[in-house]
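Read left to right, the sequence shown gives residues 2 to 274 (my numbering).
Just so it is clear, CB atoms sit at the ideal spot from N, CA and C, and this is done for glycine as well.
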Amino acid sequence: MFGISSGQQVMLVWSQPVDGDDLKSLVEQLKSTVGPEGRVAVENSEMLSSSAHTSSSLDHALACVLPPFVAECPSGVLSEVLRVLRPGGSLTLRTTDSAALRSSLTLAGFTSISPAGNANLTDEQKRDLVTSVVEVTCKKPDFEVGSSLRLPGAKPVTTGTWNINLDDDLDLASPDDLLTEEDLTRPDPASLKVCGTTGQRKACKNCVCGLKEELEDEDKQKKEEDRKNFKSSCGSCYLGDAFRCASCPYLGMPAFKPGEKVKLADTTLKDTT
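As structure tokens, then:
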């Protein structure tokens with residue numbers, strides 16, 4: 002019956018609607034099959050998660066095997082069945098939609114899913130059926146979740162392969178020797194801010210990051226500083242505009258005597274460009 006043999010630990014999962022007499026009859030048949038050394042646990046699918054069965058403790062599980070074969074096996078039920086089955090343990094189900102069932106079993110982690118076969122129903126079970134019922138058997142993989150297995154051809158890892166004896170006289174390079182003088186040079190903070198478009202310290206045409214205004218302020222401050230620290234290169238600035246160059250800060254001012262301290266007007270130092 003369902004591939005179950007004597008001495009096995011079996012679980013029967015049932016759900017509504019199911020006939021009580023059919024359930025009782027199937028349980029008696031299963032107990033007779035497994036004998037006194039075996040065990041049959043009967044669980045309602047809605048209460049299966051709280052049944053507290055020990056992991057990897059059962060040999061075979063049955064689900065949706067009683068008329069009217071319309072009960073569904075949600076992912077939660079299949080996951081719990083997978084947990085309590087031993088590695089290599091089997092699950093047998095009956096269904097009217099084998100394609101959907103195969104997909105659910107695969108997603109739950111079952112393997113070796115058999116093709117849909119004859120459910121071997123009795124004449125009484127077939128009496129009220131309007132669609133055909135098939136039987137599907139699958140298995141839990143032959144390993145526990147989280148277990149490891151060496152790949153074929155993989156060489157064993159020898160202990161101590163990557164160990165380093167700190168007592169060895171190792172010639173290690175000093176980290177300081179790996180740095181150049183350029184690495185140790187402190188960068189100019191003014192050069193750190195560059196335009197994201199040009200990649201240089203030069204504002205792009207449609208600058209919106211504030212770099213353009215910052216550069217203009219720096220240029221204005223530089224011009225004012227140059228004018229304040231201006232020193233005549235020709236020495237003829239005191240003679241008047243005729244002797245002054247285009248960049249002379251004394252342009253427009255009257256001539257003055259050599260050595261005379263001339264105070265420039267505030268407007269003269271302002272950039273009018």
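Original post:
From H61 to I5, what distance separates their C-alpha atoms?
Top reply: Approximately 7 Å between the Cα atoms of the pair.
Original post:
Is DSSP giving S33 helix, strand or coil here?
Top reply: helix
Original post:
Among S33, L106, A101, which has the Cα closest to the Cα of G77?
Top reply: L106
Original post:
Can you list, in chain order, the residues of its chain whose CB lies under 7 Å from that of P88, leaving out five sequence neighbours each side?
Top reply: S57, K141, P142, D143, F144, E145
**OP:** Assign M12 to one of three DSSP states: helix, strand, or coil.
**Re:** M12 falls in the strand class under three-state DSSP.
Original post:
Nearest to R95 by alpha carbon, out of S115, D184, S80, V28?
Top reply: S115
Original post:
What is the DSSP secondary structure of D129, reduced to helix, strand or coil?
Top reply: coil
Original post:
Any idea what DSSP makes of T186, helix, strand or coil?
Top reply: coil
**OP:** Determine the closest residue to T112 out of T97, E125, T138, V134, with distance taken between C-alpha atoms.
**Re:** T138
**OP:** Within 10 angstroms of the Cβ of C210, are there 16 or more other Cβ atoms? Answer buried if so, exposed if not.
**Re:** exposed
Original post:
Based on Cα-Cα distance, which residue from D184, L49, Y239 lies nearest to P255?
Top reply: Y239
Original post:
By a C-beta neighbour count over all protein chains shown, 10 Å radius and 16 as the cutoff for buried, is V195 buried or exposed?
Top reply: exposed
Subject >> Exposure label - L152; buried when at least 16 CB within 10 Å >> reply: exposed
Original post:
What are the boundary residues of the beta strand (DSSP E) that G89 is part of?
Top reply: 86-96
Subject >> Neighbourhood of K32 by C-beta, 6 Å cutoff - its chain only, sequence neighbours within 5 removed >> reply: A distance below 6 Å between beta-carbons, with the five flanking residues on each side excluded, links K32 to the following residues of its chain, in chain order: V41.
Original post:
According to the neighbour-count rule (16 or more other Cβ atoms, all chains shown, within 10 Å of its Cβ), is E226 buried or exposed?
Top reply: exposed
**OP:** With L108 as the anchor, note down where its alpha helix (DSSP H) starts and where it stops.
**Re:** 99-109
Subject >> Spatial distance of V43 from R103 (CA atoms) >> reply: 24 Å
**OP:** Measure the alpha-carbon distance for C235 versus R245 and round it to whole angstroms.
**Re:** 9 Å
**OP:** Would you kindly work out how many angstroms separate the C-alpha atoms of W15 and S149, rounded to a whole number?
**Re:** 34 Å
Original post:
Quick one: Cα of K213 to Cα of E219, how far?
Top reply: Their backbone Cα atoms lie some 10 Å apart in a straight line.
Original post:
Below 8 Å between beta carbons: does that hold for L79 and A109?
Top reply: yes
**OP:** Please report how far the alpha carbon of G90 lies from the alpha carbon of V19, in whole angstroms.
**Re:** 26 Å
Original post:
Comparing alpha-carbon positions, which option in E136, L92, E81, P68 lies nearest R128?
Top reply: Taking each of E136, L92, E81, P68 in turn and checking the Cα distance to R128, the smallest one comes out for P68.
Original post:
For G118, does the three-state DSSP call read helix, strand or coil?
Top reply: strand
Original post:
Given a threshold of 16 other Cβ atoms within 10 Å of its Cβ, counted over all protein chains shown, does T273 qualify as buried or as exposed?
Top reply: Because T273 carries a pLDDT of 47, less than 50, the predicted location of this residue cannot be relied on, and no value is offered for it.
**OP:** May I have the straight-line CA-CA distance separating N45 from P157, to the nearest angstrom?
**Re:** 47 Å
Original post:
Smallest Cα separation from V291: which of S51, D98, F70, T97?
Top reply: One cannot answer for residue 291 here, as it falls past the ends of the chain, which runs 2 to 274.
Original post:
On the premise that F3 lies in contact with T123, defined as a C-beta separation below 8 Å, what is that separation, rounded to the nearest angstrom?
Top reply: Taking C-beta atoms under 8 Å as the contact rule, T123 and F3 fail to qualify, at a distance of about 14 Å.
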